[in-house]
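Asks: Handing you a structure now.
Protein chains: 2
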Amino acid sequence: MVRSLARGLEVLAAFDRDTPTLSLSELAARTGWNKGTAYRFASTLVELSYLEHDPATKRYRPGLKVLELGFTCLSSLGLADRTQPILEQLFRETGGPVHMAVLDGSDIVYVARRADRSLTQIQLYAGARLPAYCTSMGKVLLAHRPWDEVRAVMRGVRMQPHTPRTATTLARLGADLERIRHDGYGMTDQELELGVRSIAAPLRDATGGVVAAVNVSTLTARVSVDQLLSDLLPKLLGAAARMSAALGYAGKEVRAV
Amino acid sequence: MVRSLARGLEVLAAFDRDTPTLSLSELAARTGWNKGTAYRFASTLVELSYLEHDPATKRYRPGLKVLELGFTCLSSLGLADRTQPILEQLFRETGGPVHMAVLDGSDIVYVARRADRSLTQIQLYAGARLPAYCTSMGKVLLAHRPWDEVRAVMRGVRMQPHTPRTATTLARLGADLERIRHDGYGMTDQELELGVRSIAAPLRDATGGVVAAVNVSTLTARVSVDQLLSDLLPKLLGAAARMSAALGYAGKEVRAV
DNA sequence: CAACCCGGTTGGGCATGGCGCAACGACTCT
DNA sequence: AGAGTCGTTGCGCCATGCCCAACCGGGTTG
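As they're listed, the protein sequences go chains R and E.
Numbering of the first sequence is given in numbering that gives the first Met the number 0, commencing with residue 0 and proceeding in unit increments.
Numbering of the second sequence is given in numbering that gives the first Met the number 0, commencing with residue 0 and proceeding in unit increments.
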């Protein structure tokens, strides 16, 4: 509708970790706009401190004010604040990297984490996205959505076999989700990355609906499936219960909206 | 310049931790716009997934895509990635909450942290802002800017006495900065909040300029000034040196730009 | 040393985007 | 049942912001 707004945000979104800075020409090329147009938008964003301009190198980079935006968003979710201490405790109990994420369409978005250093290849941080279908938290979150909705959002997703164990068919995914609903937790065994196994549990808020998920990741070389289920799973479920309580969940399960 | 862009961002910025959701009328009131105008902008942002709209409650809240924006910005700084492990180590060595921040005008902006739970009253998180003049990291960062620039940015700041010990005059601040430059570290003793004492050290990158600061906070009730300086300060300075190295600093100090 | 080229910045003129206003429909509260 | 509130939509006018094109400055090349 408001085109100029869309364009402006396109500018901010043009930066990513591969292209942390852009020159004006690069920006114009990337967006497909006229140079003058790109200049106006860049200047406006600089004026508003959402973009910074280095006069020496003539390059733009996102301003710190953008960070602020992101975090007011995080805090408006109100999830991470109250659960961080429990996440911390879970990390200490398990020693593995622990994460918390919410579902957004067919992706999961990380909202909190606690880890020494990343044992996985993929660098994760709050705001990062991963496909839901091949992650433990993603499956847990999908498992608590109506199947019709799952099918609808998965329609736009190419189920890539990241590893030989990745679920690549809707049928297989459906079976996984069914099991997760029954078990109350979900596991992905090297579906995203070989050598990494994760278990995840749902988090509920005051409404009783599942609003987020928490997980623990382990290296297959160090923790067997048996150990994972006998030792770490109870700790995960305990933490999840306390986190749900912190979010106002009173104990009455309500089937997902 | 591009008014519609400014307006759109105003919408996103209208949300904060006190007002995590807004109805259309509230938004219109808060921005001072016509309802129709507010509606157009809100709809556009929803369309772009930067805003979410709950049809049941008829309220808007920032979308998860905003988080993404913020974090590409963080990673484009490239500070937190490489220094996080060292920050982690410093946390374990000192036991106190440790933070990392950069300077933005007269504010400091937190870019990384490691803490069990907040011992300070004020809830901090990446993206949060605090005034530079009454924080240890802020003073360290100001100390490495030209005095003219400091005076210029401080012109717009009311130096509020948050506690009886807060520096409230430019002269006092100047003296503090002078001492910090000489000592190579900075301390604030209960200047922002009674009962909390912090020390901070500058971080340099490959260019030799000071680009960020790292600090350790302690409770006055538990750690004396002597202990802080004899025990924690060497650990802080050691971590700062390693963090600077991780950022590419080769050891040659260059006076701030 | 001059000619050129490329990236950034600025001006003008036209079209359309977007703003204010006002009416409308749905819902709630009294 | 009426009145008030809130969200949504249509209309018409105005100015915003887009395209194009010229201009400028710096670096490079013949």
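Just so you know, even glycine gets a beta-carbon here, dropped at the ideal spot from N, CA and C.
Just so it is clear, the structure is predicted and the values come from calculations on it, not from any experiment.
According to DSSP, what are the bridge partners of residue 60 of chain R?
Replies: Answer is R/51.
Asks: Give me, in chain order, the residues of the same chain whose beta-carbon lies closer than 6 Å to that of residue 62 of chain E; leave out the 5 immediate sequence neighbours on both sides.
Replies: So the list reads 48, 49, 50 and 51, once near-sequence residues are dropped.
Asks: If you follow the alpha helix (DSSP H) that residue 129 of chain E is in, where does it begin and where does it stop?
Replies: Unbroken run through residue 129 of chain E is the beta strand (DSSP E), 128–130; no alpha helix (DSSP H).
Asks: Evaluate residue 224 of chain E with the Cβ neighbour count: other Cβ atoms within 10 Å of its Cβ, from every protein chain shown; 16 or more gives buried, anything less gives exposed.
Replies: When all chains shown are included, residue 224 of chain E counts as exposed.
Asks: Can you give the beta carbon distance from residue 198 of chain E to residue 231 of chain E, rounded, assuming they're within the 8 Å contact cut?
Replies: Yes, they are in contact, since the Cβ atoms of residue 198 of chain E and residue 231 of chain E sit about 7 Å apart, within 8 Å.
Asks: If you compare alpha carbons, which of E/141, E/171 and E/158 is closest to residue 202 of chain E?
Replies: It is E/141.
Asks: Taking buried to mean at least 16 other C-beta atoms within 10 Å of its own C-beta, is residue 138 of chain E buried or exposed?
Replies: So residue 138 of chain E ends up on the buried side.
Asks: Hey, does residue 59 of chain E have any beta-carbon neighbour from chain R nearer than 8 Å?
Replies: Cβ-Cβ to chain R under 8 Å: no for residue 59 of chain E.
Asks: Residues of chain E with CB under 9 Å from residue 0 of chain R, in chain order?
Replies: Simply 39, 40, 42, 43 and 46.
Asks: Could you have a look at residue 185 of chain R and say whether DSSP puts it in helix, strand or coil?
Replies: Of the three classes helix, strand and coil, the one that applies to residue 185 of chain R here is strand, per DSSP.
Asks: For residue 148 of chain E, return the contacting residues in chain R, with the cut-off set at a CB-CB distance below 8 Å.
Replies: By Cβ distance, chain R contributes nothing, its closest Cβ being about 15 Å from residue 148 of chain E, past 8 Å.
Asks: DSSP three-state call for residue 150 of chain R: helix, strand or coil?
Replies: Three-state result, residue 150 of chain R: helix.
Asks: For residue 218 of chain E, count neighbouring C-beta atoms within 10 Å of its own C-beta (all shown protein chains included) and say buried if the count is 16 or more, exposed if not.
Replies: Answer is exposed; the Cβ neighbour count stays below 16.
Asks: Under 7 Å between beta-carbons, which chain R residues line up against residue 132 of chain E? List them in chain order, please.
Replies: Those do not exist, as residue 132 of chain E stays about 18 Å from chain R at its closest Cβ, beyond 7 Å.
Asks: Taking a contact to mean a Cβ-Cβ separation below 8 Å, would you say residue 191 of chain R touches residue 7 of chain E in this structure?
Replies: No, they are not a contact pair.
Asks: With a threshold of 16 other CB atoms inside 10 Å of the CB of residue 69 of chain R, please say whether the residue is buried or exposed.
Replies: It counts as buried.
Asks: Let me check understanding here. Comparing Cα to Cα, which of E/26, E/98, E/67 and E/43 lies closest to residue 15 of chain R?
Replies: Residue 15 of chain R has its Cα closest to that of E/67, out of E/26, E/98, E/67 and E/43.
Asks: Does any residue of chain E bring its CB to less than 8 Å from the CB of residue 101 of chain R?
Replies: It does: the Cβ of residue 101 of chain R has a partner Cβ on chain E nearer than 8 Å.
Asks: As a quick exercise: from E/104, E/145, E/59 and E/77, pick the residue whose alpha carbon is nearest that of residue 246 of chain E.
Replies: It is E/77 whose Cα lies nearest to the Cα of residue 246 of chain E.
Asks: Would you say residue 70 of chain E reaches chain R, if we count a Cβ-Cβ gap shorter than 8 Å as a contact?
Replies: At least one chain R Cβ lies under 8 Å of residue 70 of chain E.
Asks: From what residue to what residue does the alpha helix (DSSP H) around residue 80 of chain E run?
Replies: That run of the alpha helix (DSSP H) goes 79–93.
Asks: Say whether chain R places a C-beta atom closer than 8 Å to the C-beta of residue 20 of chain E.
Replies: So yes, residue 20 of chain E belongs to the interface.
Asks: Identify, in the order they occur along the chain, each residue of the same chain with its Cβ nearer than 6 Å to the Cβ of residue 136 of chain E, setting aside the five sequence neighbours on each side.
Replies: These residues qualify, in order along the chain: 100, 107, 199, 212 and 214.
Asks: Can you tell which of R/28, R/229, R/244 and R/196 has the C-alpha that lies nearest to the C-alpha of residue 210 of chain R?
Replies: Nearest option by C-alpha distance: R/244.
Asks: Across which residues does DSSP place residue 198 of chain R in a beta bridge pair?
Replies: DSSP output for residue 198 of chain R lists R/186 and R/215 as bridge partner(s).
Asks: Buried or exposed: where does residue 79 of chain R fall if 16 or more other Cβ atoms within 10 Å of its Cβ makes it buried?
Replies: Buried is the call here.
Asks: Which residues of chain E have a Cβ atom closer than 9 Å to the Cβ of residue 154 of chain R, listed in chain order?
Replies: Correct list: empty, because the minimum Cβ distance to chain E is about 18 Å.
Asks: Residues of the region 66–91 of chain R with a CB closer than 7 Å to any CB of chain E: list them in chain order, please.
Replies: Flagged, chain order: 66, 67, 68, 69, 70, 71, 72, 73, 74, 75, 77, 84 and 87.
Asks: Enumerate in chain order the residues of its own chain whose CB-to-CB distance from residue 59 of chain R is below 6 Å, with the five nearest sequence positions on each side excluded.
Replies: Answer for residue 59 of chain R: 21, 41, 50 and 52, listed in chain order.
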